[in-house]
Each structure stands twice: as structure tokens, then as C-alpha cells.
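J.: If you read the sequences in order, they're chains U and X.
Under my numbering, think of the first position of the first sequence as 1, with each following residue one higher.
Under my numbering, think of the first position of the second sequence as 1001, with each following residue one higher.
There are 2 protein chains.
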Amino acid sequence: MTRSQIDWALWRTFLAVADCGSLSAAARHLGLSQPTVGRHIEQLETSIRRRLFLRSQQGYLPTEEAAALMTEAKDMAFVAESLERRASASTNDASGIVRLAASHVVGTEILPWLFGPFMEAHPGLEVELALGNSNADLFRHEADVAVRMVRPTQDNLLARRIGTAFAGLYARTEYLDRHGRPKMLADLSGHRLIGPDRDAASIGFLEGLDPALSRRSLRLRCDSEAAQLTALRAGLGIGICQRGIAARDASLEAVLPQSFRFPMECWLVTHDDLRHVRRIRLLFDHLASTLPEWL
Amino acid sequence: MTRSQIDWALWRTFLAVADCGSLSAAARHLGLSQPTVGRHIEQLETSIRRRLFLRSQQGYLPTEEAAALMTEAKDMAFVAESLERRASASTNDASGIVRLAASHVVGTEILPWLFGPFMEAHPGLEVELALGNSNADLFRHEADVAVRMVRPTQDNLLARRIGTAFAGLYARTEYLDRHGRPKMLADLSGHRLIGPDRDAASIGFLEGLDPALSRRSLRLRCDSEAAQLTALRAGLGIGICQRGIAARDASLEAVLPQSFRFPMECWLVTHDDLRHVRRIRLLFDHLASTLPEWL
DNA sequence: TATCCATTAAACAATATTGAATGACCCGCT
DNA sequence: AGCGGGTCATTCAATATTGTTTAATGGATA
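This is the structure in C-alpha cells:
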């Protein structure tokens, strides 16, 4: 069943020391004393017969071996946190914490607008937003519900198709007034284009749309879509934006809307076994009903 | 960083009690005494202000709330185990435990044959086989390396395409002697077909190949592919089998090999950050070089 | 160079955790 | 009905863990 011999608590202080960089800092963070934290590390090191930190008067420096364990230790922390969160609220109460994962853009541009009436209706509920682009978050227990733009493949996930978001090219009206409005795709080459930097997925996606849209053809490159959006709004050039978001911004104007438009399926995802947890169900259903009109 | 307040060790005994069904059994299993296990549960329950077990003289029965936490608690155990395993062996030693995930069929029919020379060459290495059909195992830290028949979608995974395995219809020669050899697809309907039971993915897949292959057309249904294979070998009927496996079994004979043959990409997958861990790399490379000829 | 602020390490006392032992209970079996 | 095997709860002493305090060390700063 459980074959592990090492006290799980030791991993927790291991993580804290590695993150904080010193016994003392970790101790403050964990609410323990510096000697105990030191003893925990000692204990862990003798258990695994391996040195995890280089000691110095300036703090504890993780060895390579310790660094290799960090991702897993973090996972452990995620699970613990999630476990605690789920345990602290009843299954069928409309109270507790719900953690929602989404991309930066969706999380900043759309979601906040949807929470007003929801939080009004359920005063006991707390919502946490975990923004990022990884789809791993549901698996790593970083969130209870996720808004995703790709169809989830994993089983043991409950997914509902919310609708289709369309993305297109947009630019600030002032920019277009000054630099002209492209009439055809070829006109784009003369423009300041905004797009991804080194994110392989996005670049590949862009080139798939039109081979002319290589990475080098972009004048402003940034992997943060939120920053790209702000750049658009600042009038720096032409870039990709979701139609729904652009539509709600009077300063933005569509560019070549008929020749450049691609759909993105939008999915709402949660863990299978959380289906019947009241607070999660509430958020899930609320998003399912309100999100579509924002796409 | 770590917002959890609850001692991680408590979750460990929580899991043990829920799994074992009683304080005493859990205590034996954990190497603790029955009173401490009881105190742990008490402590956990007061921490989360929720009752996790129904007490009785016959043992501790998990409440619904506790049941809802089980998957996560198990995940925690997986991570802890994996952490311990990875920590106990040096990054650049050819020693320690490597855990390999694969389907039941691959794990029973192919992999054992590949380990001989490998374990000979690396006496310090221990190999664990985690057989199952879920692709979640890498994520849930159940394994270090996985053999998968679908292209892995997650990022932060290192995947190498091993080759293409072909699957086709096969039956035992005796069966075909007695019941005749189908000459065309339509002939199949008169035969005893062996296939999946309720596994939605497999059923959908089968129907996609040929609409005639509905679930009802199957005479022996079982979700275990290994059992299907044994049924084939027992001469119970016609079923799907990987070409490589069937080729090594003289009693099996291909059925309609030209009209029914579908490819499955075979992938070797590991975590990104484990690329440089010696023992994992060794297994990965060994499989990459020996597996293709067995497909 | 002297001082201050951070760190780790060591020693000892306070505290919390644990285990052993016990009694009470329930179930199934003979 | 009585017995054996399993369970849980309680008590108290043994033990292990923790915190406090101290001293020593290194780096930054004036």
C-alpha cells in the first residue's frame, strides 16, 4: 500500500529549505525553529544516504540531487494543499475554496466579469484564480476547475464543451489610421506584427496558419499573450486576439476579418470525482452558462 | 509557498486507515501503534473540522467526505513513493529502482524478454513494472518511463517515437480449421468475435474501423486485452492482436490480413527533468533500441 | 577596522508524541 | 453459552521531538 518509509513531513521542510535558501528562513516560513528544520534535513539526508544541501554561513545551497527532486516535492505540496482545501469544506455545502485555472488572457480579460453575481449568490465561496498556460494544472492538483482551449485528452476528467472562441487579427484604430489598413494577407508583411517569442507551440501554430507568419516576421515577440494584448491596445502593431475580447474594446479594430479567422474550442474541465462536490459543481455550472457569450 | 498547515504525515495515516479499514490494521501496516494512529485521525478531524470515519468495534468506516479525498491521498502516496525512490539512488549511478509503465499486453508479452541482457549489464538496477491502461501514470508519478500507444500530448514530457505496431485479426489455427477461414469482412459476422466489454475508448475505436463491429457483434467481451489474447490462444474465436505478438506464437494465424490492419504509433515517454538521471536514461535507451523489433 | 546583521551549530530543558498495557466491546465459531 | 480473535478507548510512563539559548562564523557597511 504505502511503501514509503520516510516521514512525509520531512519532504515538506525539504521543500521549504530549498525554496527559502536557508534553515532560518524556512523555519520562519514553516513556523518551526531553525534547529528542528536543520534536524529534519539531517534526518532526510541520512535516510536517503545522500547529501541534499551544501552548508554555509550564508545558507543552504541545494545540490544537483536536491534540485532533481524539486519538481516532485512541489507536486507533493500541490497535492497536500489541494487535499487540505477539499477536506476543509463539506462536500455539499456552498462554501469553501474553489480553485480555477485558466490562461492569463482569459483570467484577466473575461473571468473577473463573471464572478460578480456568482459571489453575490454564494457568500460562503472563495474563488482562487490560477493563471498559466500549462494544461498540467488539473493533474498536478493546482486547480479544481480549468478553462482550456484544447480538448482535454485525459480520461478521469469531466469535460464540457463551452463553445468556440474565434481569434483574429486586431490593431488599435490609431495605429491603422497612421500605418494604413491591410487589404490582403500580403499587406501584412509591411506591418509591425506582434506575436509569440519562443513558445514552440504558438509559433508552429502561427506558421501553420500562413507560412509567411514566421517568427522573424514578427516585430514584437513575447510569450505572454496578456502582454501581447496590452501591446495591441498600446497601438504597437497588429496581433492576434480573441474576437470576444476585442469586441469589448472600442479602441481595437479587426484586421482582415474575412481572411484571417480561426476557431478555438473552449472547454470546461474538472476531475471526475469532483462532480458531486457542491461548490465545484456550482462554479462549473455557472461558468458553463455565462462563459459562452464572452467568447 | 506552502500554505498547507496540516502535517503531511497525517494524510499518510489517513490513507492507511481508509485502506486497511481499521486503526489496528493501519497501525500494523505503518509500523505504529494503534493509539497513535487513532490520535492522528482525531487530529486530522479536528484540523479540518469534519468527521472522516464512522467508529465501530469492527473498524473505521470512511465517510463520504473521506471517500472523496481518497484519490488525492493516493496521489500523495504516489508522489511520496516516487520521491523516495528517486532520492535514494544517485543521479549518475547505474543503480536504484526504475519503474516502467506499460499496458498489460506489452508488459506481459514483450517487456520481460527485453530485460535479460539489460539486467545482466546493470546489476545494481531494479526494474519495476507498473501495468495498466491509464496514461495518467507518468503524471501521477506512478512510473519513471512509460510505453504508450498514443502520442503523448502533455508538455514537460520527453517522448520518443519507437515505431509503428500493427494490429490485426487473429485466431487459433484449430479454431479456423473448425469454423472456416473468413474470405471477406462480411464473413466475420458469422464468427465468434472477441473484443472489449465496456471500455468506451476501445469500443468507439472498433466501430470506427468498421461499423459492423459494434459491441453486440462480439461474442466474448472483456476489457482486459491480456485476457482477450489468452482467449484467442485458447481458440475461443477471432480477435485483435498486435502483429509482433501473434508472429511469435505459432498457434495463431492472421485473419483477413490485407483488409484489416491498423497501425499504432508506439512511444517511449519519460519526464523531462529525468532525462539526465542515469538509470532512467539507461532503461529508456535500452528500450528505444530493443523494442522496435518486437512490435 | 569595528560593528551589525544574517547565518549555522551545539547543549539543555520543556514539551509533545509515542508505545505498552489494560478493559470493554462485538462477531463468529464451536 | 462460552471461547478466541478481532476491534476501539483510556491511562501512564518512556521516548522522541521540539524550542530556547548560546556561541561561532562570515559578509556587508560605515
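Ideal Cβ positions, reconstructed from N, Cα and C, are used throughout, including at glycine.
Within a Cβ cutoff of 8 Å, which residues of the same chain sit near Thr164/U, ignoring the five residues on either side of it in sequence?
T.: Pro263, Met264, Glu265, Cys266 and Leu295
J.: By the 10 Å Cβ neighbour count, where 16 or more other Cβ atoms means buried, how is Leu229/U classified, buried or exposed?
T.: buried
J.: Leaving out the 5 sequence neighbours to the left and right, which residues in its chain are closer than 7 Å to Val1079/X when beta-carbon positions are compared?
T.: The answer, listed in chain order, is His1141.
J.: Does any CB atom of chain U fall closer than 8 Å to the CB of Trp1008/X?
T.: Chain U contact via Cβ: present.
J.: For Asp273/U, go through chain X and note every residue whose CB falls closer than 8 Å to its CB, in chain order.
T.: Ala1068 and Thr1071
J.: According to the Cβ coordinates, are Ala1231/X and Gly1239/X closer than 8 Å?
T.: Taking 8 Å as the Cβ cut-off, Ala1231/X and Gly1239/X qualify as a contacting pair.
J.: May I ask you to verify whether the region 1012-1023 of chain X touches the region 1058-1077 of chain X, counting CB pairs closer than 8 Å and requiring at least 3?
T.: yes
J.: Identify every run of the beta strand (DSSP E) within the region 84-145 of chain U, keeping only runs that are complete inside it and at least 3 residues long; order them along the chain.
T.: 96-102 and 125-131
J.: Judging by CA-CA distance, which residue of Ser1214/X, Arg1181/X, Arg1039/X and Asp1273/X is the nearest neighbour of Ile1194/X?
T.: Ranked by Cα distance from Ile1194/X, the first of Ser1214/X, Arg1181/X, Arg1039/X and Asp1273/X is Ser1214/X.
J.: Closest to Val1150/X by CA distance: which of Ser1103/X, Ile1110/X and Leu1236/X is it?
T.: The residue with the shortest Cα to Cα distance from Val1150/X is Ser1103/X.
J.: Do the region 1091-1105 of chain X and the region 1269-1281 of chain X touch if we need at least three Cβ pairs shorter than 8 Å?
T.: yes
J.: Assign Leu1206/X to buried or exposed, taking buried as 16 or more other Cβ atoms, counted over all protein chains shown, within 10 Å of its Cβ.
T.: buried
J.: Would you be able to state if there are at least three C-beta pairs under 8 Å between the region 117-126 of chain U and the region 252-261 of chain U?
T.: no
J.: Provide the residue span of the alpha helix (DSSP H) that contains His1179/X, from first to last.
T.: Thr1173 to His1179
J.: Cβ of Arg1219/X within 8 Å of Cβ of Arg1178/X?
T.: Going by C-beta atoms, Arg1219/X is not nearer than 8 Å to Arg1178/X.
J.: Where DSSP assigns a beta bridge to Thr1164/X, which residues make up the other side?
T.: Glu1265/X
J.: Between Trp11/U and chain X, is any beta-carbon pair separated by less than 8 Å?
T.: yes
J.: Secondary structure at Thr1270/X, three-state DSSP: helix, strand or coil?
T.: strand
J.: Got a sec: does the ligand PLP put a non-hydrogen atom nearer than 7 Å to the Cβ of Thr13/U?
T.: This structure simply doesn't include the ligand PLP, nor any ligand for that matter.
J.: From the DSSP output, in three-state form, read off Leu232/U for me.
T.: helix
J.: Where do the N-terminal and C-terminal ends of the alpha helix (DSSP H) with Pro1062/X fall, by residue?
T.: Not the alpha helix (DSSP H): Pro1062/X falls in the beta strand (DSSP E), residues Gly1059 to Pro1062.
J.: What do you get for Ser1189/X, buried or exposed, if any count of 16 or more other CB atoms within 10 angstroms of its CB means buried?
T.: exposed
J.: Which residues does DSSP list as the beta-bridge partners of Leu252/U?
T.: Partner(s): Arg172/U.
J.: Let me know if Met76/U comes out buried or exposed under the rule of 16 or more other beta-carbons within 10 Å of its beta-carbon.
T.: Met76/U counts as buried, since at least 16 other C-beta atoms from the protein chains shown sit within 10 angstroms of its C-beta.
J.: Does DSSP put Cys1222/X in a helix, a strand or coil?
T.: coil
J.: Quick check on the DSSP output: the beta strand (DSSP E) that includes Gly239/U runs from which residue to which?
T.: Ile238 to Gln242
J.: Does DSSP classify Ala1159/X as helix, strand or coil?
T.: strand
J.: Skipping 5 residues on each side, what residues in its chain have a beta carbon closer than 7 Å to that of Leu274/U?
T.: Asp144 and Ile280
J.: Mind listing, in chain order, the continuous beta strand (DSSP E) runs of no fewer than 3 residues lying wholly within the region 1187-1212 of chain X?
T.: 1193-1195
J.: Identify the residues that DSSP records as bridge partners of Leu1044/X: which are they?
T.: None; Leu1044/X has no bridge partner.
J.: Measuring CB to CB, does Ser1004/X end up less than 8 Å from Glu81/U?
T.: yes
J.: Using a beta-carbon distance below 8 Å, is His141/U in contact with chain X?
T.: yes
J.: What in chain X is Cβ-close to Thr91/U, meaning under 7 Å?
T.: Glu1064, Glu1065 and Ala1068
J.: Closest Cβ-Cβ distance between Ile203/U and chain X: below 8 Å?
T.: Closer than 8 Å: no.
J.: In the DSSP assignment, the beta strand (DSSP E) including Leu1054/X goes from what residue to what residue?
T.: Residues Phe1053 to Ser1056.
J.: Could you pull out every residue in the same chain whose Cβ sits closer than 7 Å to the Cβ of Gly182/U, ignoring the five residues on either side in sequence?
T.: Gly is not the amino acid found at residue 182/U; the sequence shown has Pro there. Correct list, in chain order: Leu188, His191, Val255 and Leu256.
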